[in-house]
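In this text, residue positions in the sequence shown follow the UniProt record's numbering: the first is 1, and each later residue adds one.
Ideal Cβ placement from N, Cα and C applies to all residues, glycine included.
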Amino acid sequence: MAEIREVKKVERRASIHSHIKGLGLDEKGKAKLVADGLVGQVQAREAAGIVVELVRKGKMSGRGILFVGPSGTGKTALAFAIAKELGEDTPFSAINASEIYSTEVKKTEVLTQAVRKSIGIRVRQKRQVYEGVVKDVKVKIARSRANPMAVVPREAELTLATKDEQKTIQVGDLVASQLYKYNVKKGDVIWIDAETGDVVKTGRAKGVEGVKYYDIESTKYVEVPSGPVKKEKEIVNTLTLSDIDLNLAAQNIGFGILSSLFGGEVNQDVRQQTDKLVSKMLKENSAELVPGVLFIDDAHMLDVEAFSFLTKALEAELSPILILATNRGITKIRGTDVESPHGIPIDLLDRLLIIPTRPYDQEEIREILKIRAEELDVELTQESIEELTNLGTSTSLRYISELLEPLQVIAERSGRSAITPEDIKEAVKLFADVRTSTKFAKEYESLLLK
């Protein structure tokens, strides 16, 4: 049987953009050099801030956004930050343009599903919840049934406290996996839906005994809740049209709808049911629409049919905020012999606000490295920070970001908690960057398959 251990000891995989809280702008819309998890790209962030204002004023109808810049310049991060600025519950759907090419599903169906995942419905209802500041959390770990090489949470014991009460509860794997995913730790203020088991992390409380605080943090601080731990609370849930599509398909399961549940095309009757239900809820004022963000990376991989679909989607009455990104210059539009800026038809380019992103300088790479290391809970010495910064300047930011976790393993094998320059030298010998790999390919060209 696996031992009980604190959640902070559990190895977790942080999302590459999980640290981003917004665009990092001041009240006048000017970008701070380092704020909300973003570093540099001042002009691009300020331009994105104007886009957010246009969206809030309802003046982005019929228009989209195109981020253009070299690889590794934060295009995806900026798209994610725009969604965060629009609200924590703003739907954000990200796909790579190559995902639309499937032997099982039509291109337009993939794009339709992506669009519906990017349009939300905000529903208000009263629910029974457990709410409070986390005083202690322990999780029981076991090997994954799907992947024996990985460990996953099985259950957890959680102590929550308000200003008036303290309660310890036992939770199953559904809740435990969310505590793991959101890195819930002592001092965090959370609530758990007593019926569904959904976990929401609202922020962090100050003054909790045994919790370490920093002078500069991107964490949102909130008050410790009052009243009993278990209470009735008005919950605001945001569902996407796609969520409702699948829910209705499950309720009305039949031979023709089975494909909806297993990654195929969604039955059109299901979508009509969803649209009628949403329309009814809007008329009754029991819900409100939340236009989200649809981000398509490597937009130059889309073809004429896909671009035509997106142009039509921009003109629709109900559509998400469309954000495209590319690192291409003048190139052919896929499926044609026509060359166009960024591989995108001119008629769609004319409808896009184009925002360029530029390579990071040395100081910006240093700051991004610090943020990423903190997010991954990787300890770096000052010497190793400088060594990695110089390495990132000569290779790429992505290369040093991907090295952080292997470096942690190398340091642990040597009995150290902090990464040193010697560990970096060892890692560089073991893992090649793109330039080194290219040099290797040329050196052994005669032995490699073509």
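Bridge-paired residues (DSSP) for residue i
i, result
"A79", "A79 pairs with nothing; no bridge assigned."
"T168", "T159"
"Q125", "I235"
"I419", "L380"
"L448", "None; L448 has no bridge partner."
"G227", "The partner list for G227 (beta bridge, DSSP) is empty, contrary to what the question assumes."
"V152", "A142"
"I244", "DSSP, once it has assigned bridges, lists no residue as partnering I244."
"residue 480", "No information on residue 480 is available, as it lies outside the stretch 1 to 450 that the chain covers here."
"Y130", "I192 and K230"
Neighbourhood of residue i by C-beta distance below 8 angstroms, restricted to the same chain and skipping five residues each side
i, result
"I100", "K107, V110, L111, L302 and A306"
"T357", "Q41, A44, F67, V68, G69, P70, T73, G74, K75 and L78"
"I333", "D303, V304, F307, E339, S340, G343, I344 and P345"
"V434", "T395, S396 and Y399"
"D198", "Q178 and I192"
"E53", "G29"
"T420", "T381, E383, S384 and A411"
"R122", "D89, V236, N237, T238, A287, E288, L289 and V290"
"E405", "L376 and V378"
"V137", "E6, V7, A156, E157, L158, T159, L179, V184, K185 and K186"
"L353", "A47, V51, R63, G64, I65 and L66"
Cβ-based neighbour list, residue i, same chain, cut-off 6 angstroms, excluding 5 preceding and 5 following
i, result
"K126", "E232 and E234"
"L391", "I400"
"K230", "Y130"
"K186", "V134 and V211"
"N152", "Before going further, note that residue 152 is Val rather than Asn in the sequence given. Cβ neighbours of V152 beyond the five flanking positions: S144."
"L282", "none"
"K439", "none"
"K117", "S93, T240 and S242"
"T436", "none"
"E379", "S417 and A418"
"R5", "The predicted position of R5 is uncertain, since its pLDDT is 31 and thus under 50; a value taken from the coordinates is nonetheless stated next. None."
"G335", "D303 and V304"
"residue 451", "Because residue 451 is not part of the residues shown, which for the chain are 1 to 450, the question remains open."
"K442", "none"
"I368", "V39"
Element boundaries [beta strand (DSSP E), containing residue i]
i, result
"P341", "E339 to P341"
"I355", "L352 to P356"
"D193", "D188 to D193"
"V200", "V199 to R204"
"T331", "I330 to K332"
Extent of the continuous alpha helix (DSSP H) run through residue i
i, result
"V409", "L397 to R413"
"I346", "I346 to L349"
"S177", "D173 to K181"
"F440", "V434 to E443"
"E209", "First-last for E209: undefined, no H or E at that position."
"K220", "Note, K220: premise wrong, no alpha helix (DSSP H); not H, not E."
"K370", "Q362 to E375"
Below-7 angstroms beta-carbon distance, residue i vs any chain D residue
i, result
"A316", "Absent here is chain D; the protein component of the structure consists of one chain."
Same chain, Cβ closer than 7 angstroms to residue i, five either side skipped, listed in chain order
i, result
"Q113", "S242 and V266"
"R124", "E234 and V236"
"L430", "none"
"G227", "T162 and D164"
"S61", "none"
"L349", "P341"
"E85", "G22, L23 and V52"
"S102", "V110"
"T389", "Q362, I365, R366 and L369"
What are the uninterrupted segments assigned as beta strand (DSSP E) that are 3 or more residues long and contained completely in the stretch 82-119, given in chain order?
-> 92-96
Ignoring anything shorter than 3 residues or poking outside the stretch 21-69, list the beta strand (DSSP E) runs there in chain order.
-> 64-68
Hey, which unbroken runs of the beta strand (DSSP E) at 3 residues or more fall wholly within the stretch 252-320?
-> 287-291 and 293-297
Does the pairing of the stretch 138-152 with the stretch 86-94 give three or more beta-carbon distances under 8 angstroms?
-> no
If we count Cβ pairs, one from each stretch, closer than 8 angstroms, do we get three or more for the stretch 160-172 versus the stretch 237-254?
-> no
Three CB pairs or more closer than 8 angstroms across the stretch 324-331 and the stretch 273-293 | no
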